[in-house]
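Residue numbers (our numbering): 5 to 83.
Beneath this line is the structure, given in structure tokens, with notes to follow.
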Amino acid sequence: MSQHLFIVSRQQADLYSYLAREFSEEPEVRVILDRRQGERRQGDGHAPEAADRRQSERRANDETRSQLTTVGYAFVRLI
């Protein structure tokens, strides 16, 4: 069974409440608030930028980020 996820922007608390209420009886749909608050690795200015060992940005899904910014939520189908 596929799962569906609504990720709602923190600035859309009313929308989050509405969607959570509407889908509360749907076991395959989950509604969550976007927990991201920005870049976690802030760098203290002492380490060179090349010292960042991450291979790629885990949050690189530009479409989801764009939807959160423009629409206030993103709808994701999980397989």
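Positions of the beta carbon are idealized from the N, C-alpha and C atoms, including for glycine.
Helix, strand or coil: which one does DSSP assign to residue i?
| i | result |
| --- | --- |
| Gln7 | strand |
| Arg39 | coil |
| Arg25 | helix |
Hey, quick one: how far does the alpha helix (DSSP H) through residue i stretch, first residue to last?
| i | result |
| --- | --- |
| Arg69 | 66 to 74 |
Buried or exposed, going by whether 16 or more other CB atoms sit within 10 Å of the CB of residue i?
| i | result |
| --- | --- |
| Leu82 | exposed |
| Phe79 | exposed |
Let me check one thing: in DSSP terms, what residues is residue i bridge-paired to?
| i | result |
| --- | --- |
| Ala78 | Ile11 |
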